[in-house]
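Some notes on the structure that comes next.
There are 2 protein chains.
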Amino acid sequence: MVVRIALDVMGGDNAPEATLRGALLACAPDNPRALAPERILLVGESDAIRHKLTELGSTLEFPIQHASQVIGMAESPALALRAKPDSSIAVCVGAVKKGAAGGLVSMGNTGAVVGAATIGLGTLEGVRRPAIAVTLSLTGQPVTFLDMGANREAKPQDLLQFASMGAVYMRDCLGVAEPRVGLLNIGSEPSKGTELLKEAYPLLAAAGARLNFVGNVEGNTIFGSVADVVVTDGFTGNVVLKLLEGFSGFMLQLVMAELKAHQVAWSKEALSNVKRRVDYAEYGGALLLGVNGVVVKGHGRSDAVAVANALAVAARTVDSNVNQHIIEGLRAQSA
Amino acid sequence: MVVRIALDVMGGDNAPEATLRGALLACAPDNPRALAPERILLVGESDAIRHKLTELGSTLEFPIQHASQVIGMAESPALALRAKPDSSIAVCVGAVKKGAAGGLVSMGNTGAVVGAATIGLGTLEGVRRPAIAVTLSLTGQPVTFLDMGANREAKPQDLLQFASMGAVYMRDCLGVAEPRVGLLNIGSEPSKGTELLKEAYPLLAAAGARLNFVGNVEGNTIFGSVADVVVTDGFTGNVVLKLLEGFSGFMLQLVMAELKAHQVAWSKEALSNVKRRVDYAEYGGALLLGVNGVVVKGHGRSDAVAVANALAVAARTVDSNVNQHIIEGLRAQSA
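Protein chains in written order, with numbering that gives the first Met the number 0: chain A, 0 to 334; chain B, 0 to 334.
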């Protein structure tokens, strides 16, 4: 049986052009991980979708599910979800809930996607709170950070669960056999940091062989391949994510300006390689781990490549049965 | 009357060479803000200091205060301060306490400097907790971030005081007439973020004309000159500071590697300009605001330029009477 991925065609700054181009790219025969078009359920204004596909010269037979409404990027998530029950985001979530799809991908309003998915799908057995996981391959090796903002505050037990979920994802989807898990802190000793971290540390350490806990990691060491999974609360994680985004853009500008001032014939290609490495949109976006379904939230400004990557991440996460393994991992932890 | 700055000659990765070279640089006649040598009280092993000064060919007449012990960079601050009462750090703090100096500069063990200064000097009238302030001029305009790690946790009232202290510093020492104060958060609305931030926001907003509060700022906007002072709790601040440090070094490596791979004749000078912009050691280090005296903690790996900058920051902070203005600001706030 083919498990579909629902794609919110209407979500994102460049929708529906970028999302549909992304779907086409995900199915391109020269793509080594190409998906069959029937695996991608296009969700949105159906006439607009068909029209755009024709315009793009596509002859692929995607399944399409109509959704008459669109939630804007700047709308209040709670209000918009109530006012627009037939939004493309809500219809994507509904498709997963009904089993018409195993996962969904949206580049739309983050709060609306997280809210609709959390409420609509519920959490997996044993999960206290879902977490947003973002994978970056800064040093060439992927590192998954979580929670990057699903929750504002966390309890020590939540951090333990984030560690477990992140480790399962790294193992199942990114092929890291025994993922090293670090706790983002301001010092290496177990006694460092906030009360939350001081209480979480022994919980993670006590997980023993079930978790390859490597202790505290710091903001200046995470670029040195010290951990495969970096666990933090959603507030700190979101600050970190936005800071990386802002800082990388800023630094690239600075580098370009300086190279120009020194009349260095800088290579656009070289700098765009750097940009790709530090831009998480390139990695297919963020995964909402812990909900009953696979939910991938791409960056609003995703281009077609990023959309195709997000679809690939969703398909891989569905196919590798990550959610079942998360449940089993948490069961073992609480046993 | 000349107010002296006590310099911990023995502190830092490159001490005493870098600290003494820094003192000489701070007094160099071609330095537009040159200090008189009699303003810099050299604290440390006196024979070693005299020997090194001769070796460096100096004929300047610095006052010297002997300290027989040195606290290592990796020592436990609490234990080291107890075991080494005659450490160069403790003697610097003692000099400020006795009034022999108005401020101190150390590149040594951060925990020991903060601990010794907080306990030894006490807090200014009305100050609940001191805060570590770090000034960066990423975009060409200085932005002061605090607290960058003096406290692990903060109360809303602490954030209000940090805002007030940071604004006084920006006005008195960096000449920003009405410093814009932003609260580091994960969204712009007042309702965003942790309980701490949701309670702090109205406190800052209620300060009215006494504080130019511009609301919440985010990690991806702080590089766009949205605020002159960015207020956060010490845990988040320390994570941010270390992340900026790690990420800037990492990105520069990435840029260099890519330019090399594309056989671009990259200019070392251009990239070291970038490095200077993102390296807070260049700005003279961190200021411990709120203690009864001026305390500048430079980065452990400071070179002579950074030490000279730190001495200049300390002298300027002493001369502009920042601490008196902080007291007056807090008095007005609680009136």
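Where is the CB? At the ideal position from N, CA and C, for every residue including glycine.
Quick caveat: nothing in here was measured; it's all calculated off a predicted structure.
Classify HIS50 (chain A): buried if its beta carbon has 16 or more other beta carbons within 10 angstroms, exposed otherwise.
With fewer than 16 other Cβ atoms within 10 Å, it is exposed.
Taking the alpha carbon of MET9 (chain A) as the reference point, which residue from A:GLN64, A:LEU34 and A:GLY192 has its own alpha carbon closest?
Residue A:GLN64 is the option with its Cα nearest to MET9 (chain A).
Taking 9 Å as the CB-CB limit, is PHE144 (chain B) close to chain A?
Judged by the 9 Å Cβ criterion, PHE144 (chain B) is not in contact with chain A.
With C-beta atoms as the reference, is LEU287 (chain B) less than 9 Å away from ALA111 (chain B)?
No.
Is ALA153 (chain A) closer than 9 Å to LEU210 (chain A) when the C-beta atoms are compared?
No.
Answer with buried or exposed for THR53 (chain A), where buried requires no fewer than 16 other C-beta atoms within 10 angstroms of its C-beta.
Looking at its Cβ environment, which holds fewer than 16 other Cβ atoms inside 10 Å, THR53 (chain A) is exposed.
Give the straight-line distance between the Cα atoms of ASP146 (chain B) and ILE70 (chain B), rounded to the nearest whole angstrom.
Distance between the alpha carbons of ASP146 (chain B) and ILE70 (chain B): 24 Å.
Contact defined as beta carbons within less than 8 Å: I believe ALA307 (chain A) pairs with LEU24 (chain A). What is the distance between those atoms, to the nearest angstrom?
Yes, they are in contact, since the Cβ atoms of ALA307 (chain A) and LEU24 (chain A) sit about 4 Å apart, within 8 Å.
Name the residue from A:PHE249, A:ALA33, A:ASN272 and A:LYS197 whose alpha carbon lies nearest to the alpha carbon of LEU137 (chain B).
Comparing Cα-Cα distances from LEU137 (chain B) to each of A:PHE249, A:ALA33, A:ASN272 and A:LYS197, the minimum goes to A:PHE249.
Please report the straight-line C-alpha distance between ALA5 (chain B) and ALA309 (chain B), rounded to a whole angstrom.
Distance between the alpha carbons of ALA5 (chain B) and ALA309 (chain B) is about 11 Å.
Pull the bridge partners of ALA246 (chain A) from the DSSP assignment, please.
Just to set this straight, residue 246 (chain A) is Phe in the shown sequence, not Ala. The partner list for PHE246 (chain A) (beta bridge, DSSP) is empty, contrary to what the question assumes.
If you follow the alpha helix (DSSP H) that GLY165 (chain A) is in, where does it begin and where does it stop?
Its alpha helix (DSSP H) spans residues 155-173.
Three-state secondary structure (DSSP) at ILE221 (chain B)?
In the structure shown, ILE221 (chain B) sits in a helix (DSSP, three-state: H, G or I).
State the Cα-Cα distance for the pair GLU44 (chain A) and MET255 (chain B), rounded to the nearest angstrom.
So the alpha carbons of these two residues sit roughly 46 Å apart.
Alpha carbon to alpha carbon, what distance is there between TYR200 (chain B) and ASN215 (chain B)?
The straight-line gap from Cα to Cα measures roughly 8 Å.
Short of 8 Å in beta carbon distance, which residues of its chain neighbour ALA94 (chain A), apart from the five on each side in sequence? Order them along the chain.
The answer, listed in chain order, is ARG3, ALA5, LEU40, VAL42, GLN64, ALA100 and LEU103.
When you check each C-beta in the stretch 243-256 of chain A against every C-beta of chain B, which residues fall closer than 7 Å?
Residues LEU243, GLU244, GLY245, PHE246, SER247, PHE249, MET250, LEU253 and VAL254.
Measure the alpha-carbon distance for SER75 (chain A) versus ASP85 (chain B) and round it to whole angstroms.
Cα to Cα, SER75 (chain A) sits roughly 60 Å from ASP85 (chain B).
Tell me whether ALA285 (chain A) sits in a helix, a strand or coil according to DSSP, three-state version.
Strand, per DSSP.
Give every residue of the same chain whose Cβ lies closer than 6 Å to the Cβ of LEU158 (chain B), excluding the five residues on either side of it in the sequence, and list them in chain order.
Correct list, in chain order: ALA199 and VAL230.
Quick check on DSSP: helix, strand or coil for ILE48 (chain B)?
Residue state, collapsed to three classes: helix.
Got a sec, what are the start and stop residues for the alpha helix (DSSP H) ASN308 (chain B) sits in?
Start and end: 303-318.
For a contact defined as C-beta to C-beta under 9 Å, what are the partners of GLU217 (chain B) on chain A?
Those within 9 Å of GLU217 (chain B) in chain A are ASN237, VAL238, LYS241, LEU242 and GLY245.
Quick check on the DSSP output: the beta strand (DSSP E) that includes ILE4 (chain A) runs from which residue to which?
Run containing ILE4 (chain A): 4-7, per the beta strand (DSSP E) assignment.
Unbroken beta strand (DSSP E) runs of length 3 or more, entirely within the stretch 80-125 of chain B: which are they?
Runs found: 102-105.
For PHE212 (chain B), which three-state DSSP category applies?
Residue state, collapsed to three classes: strand.
Is the beta carbon of ILE325 (chain A) closer than 9 Å to that of GLY297 (chain A)?
In this structure, ILE325 (chain A) does not lie closer than 9 Å to GLY297 (chain A) by Cβ.
Can you find at least 3 beta carbon pairs, one from the stretch 314-323 of chain A and one from the stretch 178-186 of chain A, that sit closer than 8 Å?
At 8 Å Cβ cutoff, the stretches do not touch.
List, from N- to C-terminal side, the alpha helix (DSSP H) runs of 4 residues or more that fit wholly inside the stretch 17-47 of chain A.
Counting whole runs of 4 or more residues, the stretch 17-47 of chain A contains no alpha helix (DSSP H) stretch at all.
Is there at least one Cβ from chain A nearer than 9 Å to ARG127 (chain B)'s Cβ?
False, the Cβ-Cβ gap to chain A never drops below 9 Å.
Kindly indicate which three-state DSSP category VAL1 (chain A) falls into: helix, strand or coil?
Coil, per DSSP.
Measure the Cβ-Cβ separation of PHE246 (chain B) and PHE222 (chain A) and say whether it is below 9 Å.
Against a cut-off of 9 Å, the Cβ pair of PHE222 (chain A) and PHE246 (chain B) comes out as a contact.
Report buried or exposed for SER271 (chain A), applying the criterion of at least 16 other Cβ atoms within 10 angstroms of its Cβ.
With fewer than 16 other Cβ atoms within 10 Å, it is exposed.
From A:ALA311, A:VAL273 and A:ASN291, pick the residue whose C-alpha is nearest to that of GLY284 (chain A); which is it?
Of the listed residues, the one whose Cα sits closest to GLY284 (chain A) is A:ALA311.
Could you pull the start and end residues of the alpha helix (DSSP H) that HIS324 (chain B) belongs to?
HIS324 (chain B) -> alpha helix (DSSP H) spans 321-333.
What does the alpha-carbon distance come out to for the pair LEU182 (chain B) and LEU196 (chain B)?
Their Cα atoms are separated by approximately 8 Å.
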